[in-house]
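Peer 1: With the sequence shown counted from 1, adding 227 to any position gets you the working numbering.
In this text, a Cβ means the ideal position worked out from N, Cα and C, and glycines have one as well.
Attaching a single structure in structure tokens format; questions to follow.
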Amino acid sequence: MDVKLRIHRFVEDKKWVQDYTLPVTVGMTVLEALTQIKEHQDPTLSFTCSCRSSICGACAVRVNGNAELACEILVENLMKRYDTDELTIEPLGNFRVIRDLIVDWDPKYARIKKIKPTVHPKAEFSAEEGCKQSPEEFNKFKKLAGCILCGSCVSECNKNSWNQDDFLDPFVFVKAAKITRDSRDKDPKEHLKAVVDAGLWRCFNCQECTAKCPKGLDPAGAIEKLKEATFKMGLDDNVGARHAKAIYDDISDSGTLDESKLNIKSEGFFAAGLRAPMALRLMRVGKMNPLDKHPVNKEIDTIRKIVKNAEAASKEEN
Numbered sequence: 228m229d230v231k232l233r234i235h236r237f238v239e240d241k242k243w244v245q246d247y248t249l250p251v252t253v254g255m256t257v258l259e260a261l262t263q264i265k266e267h268q269d270p271t272l273s274f275t276c277s278c279r280s281s282i283c284g285a286c287a288v289r290v291n292g293n294a295e296l297a298c299e300i301l302v303e304n305l306m307k308r309y310d311t312d313e314l315t316i317e318p319l320g321n322f323r324v325i326r327d328l329i330v331d332w333d334p335k336y337a338r339i340k341k342i343k344p345t346v347h348p349k350a351e352f353s354a355e356e357g358c359k360q361s362p363e364e365f366n367k368f369k370k371l372a373g374c375i376l377c378g379s380c381v382s383e384c385n386k387n388s389w390n391q392d393d394f395l396d397p398f399v400f401v402k403a404a405k406i407t408r409d410s411r412d413k414d415p416k417e418h419l420k421a422v423v424d425a426g427l428w429r430c431f432n433c434q435e436c437t438a439k440c441p442k443g444l445d446p447a448g449a450i451e452k453l454k455e456a457t458f459k460m461g462l463d464d465n466v467g468a469r470h471a472k473a474i475y476d477d478i479s480d481s482g483t484l485d486e487s488k489l490n491i492k493s494e495g496f497f498a499a500g501l502r503a504p505m506a507l508r509l510m511r512v513g514k515m516n517p518l519d520k521h522p523v524n525k526e527i528d529t530i531r532k533i534v535k536n537a538e539a540a541s542k543e544e545n
């Protein structure tokens, strides 16, 4: 059984797609296929790899439009998944391409600095004694420490595709969530404020970062936990936080959203007033009538129980 790999090439500003055909062997990974092409068919093909054990994250690429760890994913499984003997391999999305499948990580690493990514030890610790914490405290962020910086979450992030200038990469938010939950840090609020300033509330909540993470982490969930922490630490004086609170209040009070007042609660009267033309269009087609009394969902008691249980579960988790 053969597979055709359609590989996106990029050399000195020239772009093209080049086809390679090779036999599929049992257990062949995408990285092995790329290595065979480089060693036996085309030594000019460029890609990155290091550990070959799903630890370093260097070999991540896109296969048929989805981010994958090349050293982990089997060619045979991909052929079964897509029901085809032709696979398209391209560099990760939302990165500058240097050559072929190699992307530039330097700007991404630079963006990590925005969240002040180092733990600032509490005064109770010392160089002699170190920074000790209990297993229970460590377990609060243990999973978040599993990020291998492969870039898969960045590649599939729709907000990054739309605009990277006002929003950090998902793995940076994972790093921030880890630090703010670390009991050894003396001022998690400092990191959290930096995260808010760097676009926390601009997440599209598309869940692609979580769906594509090869280590089973939950970047989207980490972002939501950071949002939750902003309320606990008094960093909720911004449009995103006010919008979330307005939704929470509406659901708790009536079980439905009062969209006629949602913008006012979120942005204030002046900013909401700038959206008057849109409001008029909605009123004209019957989508919104500010004169109508806001309805109460007949299942409001059940909805309030759900909200209460969700709050209790969140407290237990934290």
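Count the other CB atoms, across all protein chains shown, that sit within 10 Å of the CB of PRO334; report buried if there are 16 or more and exposed otherwise.
Peer 2: Position 107 of the sequence shown, counting from 1, holds the residue named residue 334. By the neighbour-count rule (16 or more Cβ atoms within 10 Å), PRO334 is not buried but exposed.
Peer 1: Contact defined as beta carbons within less than 8 Å: I believe ARG308 pairs with SER382. What is the distance between those atoms, to the nearest angstrom?
Peer 2: Working through the sequence shown from its first residue, we reach residue 308 at position 81. Working through the sequence shown from its first residue, we reach residue 382 at position 155. Actually they are not in contact, since the Cβ atoms of ARG308 and SER382 sit about 18 Å apart, beyond 8 Å.
Peer 1: Do you know how far the Cα of ASP409 is from the Cα of LYS370?
Peer 2: Position 143 of the sequence shown, counted from the first residue, corresponds to residue 370. Position 182 of the sequence shown, counted from the first residue, corresponds to residue 409. Near 12 Å, if we compare the C-alpha coordinates of ASP409 and LYS370.
Peer 1: By the 10 Å Cβ neighbour count, where 16 or more other Cβ atoms means buried, how is ALA539 classified, buried or exposed?
Peer 2: Here the question's residue 539 lines up with position 312 in the sequence shown. With fewer than 16 other Cβ atoms within 10 Å, it is exposed.
Peer 1: Does DSSP classify ALA425 as helix, strand or coil?
Peer 2: Here residue 425 refers to the residue found at position 198 of the sequence shown. Coil.
Peer 1: Assuming GLU526 and GLY467 are in contact, meaning their beta carbons sit under 8 Å apart, how far apart are those beta carbons, in whole angstroms?
Peer 2: Stepping through the sequence shown from its first residue, residue 526 is reached at position 299. Stepping through the sequence shown from its first residue, residue 467 is reached at position 240. About 28 Å separates the two Cβ atoms, so there is no contact after all.
Peer 1: Assign GLY378 to one of two classes, buried (16 or more other C-beta atoms within 10 Å of its C-beta) or exposed (fewer than that).
Peer 2: Here residue 378 refers to the residue found at position 151 of the sequence shown. Looking at its Cβ environment, which holds 16 or more other Cβ atoms inside 10 Å, GLY378 is buried.
Peer 1: Enumerated in chain order, which unbroken segments of the alpha helix (DSSP H) with a length of 4 residues or greater are wholly contained in the segment 281–348?
Peer 2: List check, alpha helix (DSSP H) in window: 302–309, 333–339.
Peer 1: My assumption, with CB atoms under 8 Å, is that VAL534 sits in contact with ILE478. Please give the rounded CB distance.
Peer 2: Taking the first residue of the sequence shown as 1, we reach residue 534 at position 307. Taking the first residue of the sequence shown as 1, we reach residue 478 at position 251. Sure, about 7 Å apart at Cβ, within 8 Å.
Peer 1: Starting from GLN263, trace the alpha helix (DSSP H) both ways and give me its first and last residue.
Peer 2: Position 36 of the sequence shown, counting from 1, holds the residue named residue 263. Per DSSP, GLN263 belongs to the alpha helix (DSSP H) from 257–267.
Peer 1: Can you find the residues in the same chain that come closer than 6 Å, C-beta to C-beta, to SER493, ignoring five residues on each side of it along the sequence?
Peer 2: Working through the sequence shown from its first residue, we reach residue 493 at position 266. Around SER493: VAL466, ARG469, HIS470, ALA473.
Peer 1: Could you check which residue in SER277, HIS235, ILE491, TYR336 has the C-alpha nearest to that of ASN291?
Peer 2: The residue you call residue 291 lines up with position 64 of the sequence shown. Taking only the C-alpha atoms, the option nearest ASN291 is HIS235.
Peer 1: Could you have a look at ARG236 and say whether DSSP puts it in helix, strand or coil?
Peer 2: Within the sequence shown, the letter at position 9 stands for residue 236. Correct three-state label for ARG236: strand.
Peer 1: VAL230 and LEU328 look like a contact to me (Cβ under 8 Å); what is the Cβ gap, rounded to whole Å?
Peer 2: To locate residue 230, count along the sequence shown from 1; it is residue 3. To locate residue 328, count along the sequence shown from 1; it is residue 101. Actually they are not in contact, since the Cβ atoms of VAL230 and LEU328 sit about 17 Å apart, beyond 8 Å.
Peer 1: Does the segment 342–352 touch the segment 264–277, meaning 3 or more C-beta pairs lie closer than 8 Å?
Peer 2: no
Peer 1: Would you mind reading off the limits of the beta strand (DSSP E) that contains THR248?
Peer 2: Locating residue 248 in the sequence shown gives position 21, counting from the first residue. Looking at the DSSP string, the run of the beta strand (DSSP E) that includes THR248 is 241–250.
Peer 1: Is the beta carbon of ILE300 sitting closer than 8 Å to the one on THR256?
Peer 2: Residue numbering aside, residue 300 sits at position 73 when the sequence shown is read from its first letter. Residue numbering aside, residue 256 sits at position 29 when the sequence shown is read from its first letter. Going by C-beta atoms, ILE300 is nearer than 8 Å to THR256.
Peer 1: If ASP463 and GLY426 are in contact, beta carbons under 8 Å, what's the gap, nearest whole angstrom?
Peer 2: The residue given as residue 463 occupies position 236 in the sequence shown. The residue given as residue 426 occupies position 199 in the sequence shown. The pair is not a contact, with the Cβ atoms about 16 Å apart (cut-off 8 Å).
Peer 1: What is the rounded straight-line gap between the Cα of LEU547 and the Cα of VAL253?
Peer 2: Nothing in the structure corresponds to residue 547, since the chain is present only between 228 and 545.
Peer 1: Take PRO250 as the anchor and find which of GLU266, ARG233, MET228, ASP485 has the nearest alpha-carbon.
Peer 2: To locate residue 250, count along the sequence shown from 1; it is residue 23. Comparing C-alpha distances from PRO250 to each of GLU266, ARG233, MET228, ASP485 shows the shortest one belongs to MET228.
Peer 1: Buried or exposed: PRO362, going by 16 or more other Cβ atoms within 10 Å of its Cβ?
Peer 2: Position 135 of the sequence shown, counting from 1, holds the residue named residue 362. Exposed is the call here.
Peer 1: What alpha helix (DSSP H) runs, 4 residues minimum, are completely inside the segment 358–410?
Peer 2: Taken in chain order, the complete alpha helix (DSSP H) segments of 4 or more residues contained in the segment 358–410 are 362–366, 379–383, 385–389, 397–407.
Peer 1: Expressed to the nearest angstrom, what Euclidean distance is found between the alpha-carbon atoms of VAL422 and GLY461?
Peer 2: Residue 422 sits at position 195 when you count from the first residue of the sequence shown. Residue 461 sits at position 234 when you count from the first residue of the sequence shown. In a straight line, the C-alpha of VAL422 is about 14 Å away from that of GLY461.
Peer 1: So LEU258 and CYS286 are in contact, right, with Cβ under 8 Å, and what is the actual spacing, rounded?
Peer 2: One-based indexing of the sequence shown puts residue 258 at position 31. One-based indexing of the sequence shown puts residue 286 at position 59. The Cβ separation is near 5 Å, so the contact holds.
Peer 1: Closer than 7 Å by C-beta to ALA403: which residues in its own chain qualify, once you throw out the five before and the five after it? Chain order, please.
Peer 2: By 1-based counting over the sequence shown, the position of residue 403 is 176. These residues qualify, in order along the chain: ILE342, HIS418, VAL422, LEU453.
Peer 1: Could you please give the first and the last residue of the uninterrupted alpha helix (DSSP H) stretch that includes HIS521?
Peer 2: Within the sequence shown, residue 521 is the residue found at index 294, counting from 1. Per DSSP, HIS521 belongs to no alpha helix (DSSP H) and is neither H nor E.
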